[in-house]
Amino acid sequence: MFSLQEDYSVTRYLEEKVNSIMPVAGQLLTEGRPLYAVEELCLETLTEDLKPSRYLYIRSVIEEEFKQDYDRLKENGVLTFEIVNLIEACKDIFSDFGFSRENEENRHLKYAIIGQIHQYLL
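Right, here's the structure in full:
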């Protein structure tokens, strides 16, 4: 999202995502599915490529492994900013491991991220 904001293309991205799901939504409604079920299925489909969240992953690692830094960053109001910076700093690690739902519990991935966060926080 931050990359999209920098490129001023958030609106285009959202329009493309919504347009891609409209045929599915229409089909589900035609089948007589309840509106809440259609909304849930569509939201799940729309957000599938955003999972797992690198942001939430890094945030949880900082909170678990660097508690004092986490508290300090949060107290200073810069936690979100620093996590976004860390996403960029950890980009190659996430790429090398092919970060996905299947491997987000991989201890080697976590150790690599911990090492990068440690370097970043020095």
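Take any residue in the sequence shown, count from 1 to its spot, add 1: that is its number in the working numbering. Note that the Cβ used here is the ideal one computed from N, Cα and C, for glycine as well. Note that the coordinates shown come from a computational prediction; the quantities given were computed from them, not determined experimentally.
Reduced DSSP secondary structure (H/G/I, E/B, other) of residue i
{"i": "residue 102", "result": "coil"}
{"i": "residue 96", "result": "helix"}
Endpoints, alpha helix (DSSP H) assigned at residue i
{"i": "residue 116", "result": "108-122"}
>> Is it the case that the stretch 101-109 contacts the stretch 51-68, given that we only count it when at least three CB pairs across the two stretches are under 8 Å?
In response: yes
>> Contact between the stretch 30-41 and the stretch 79-95 is defined here as three or more beta-carbon pairs at a separation below 8 Å; is this criterion met?
In response: no
> Unbroken beta strand (DSSP E) runs of length 3 or more, entirely within the stretch 12-92: which are they?
Replying inline: none
>> Quick check: the stretch 55-64 against the stretch 19-36, are at least 3 beta-carbon pairs closer than 8 Å?
In response: no
> Pairing CB atoms from the stretch 110-119 with CB atoms from the stretch 85-97, are three or more of them under 8 Å?
Replying inline: yes
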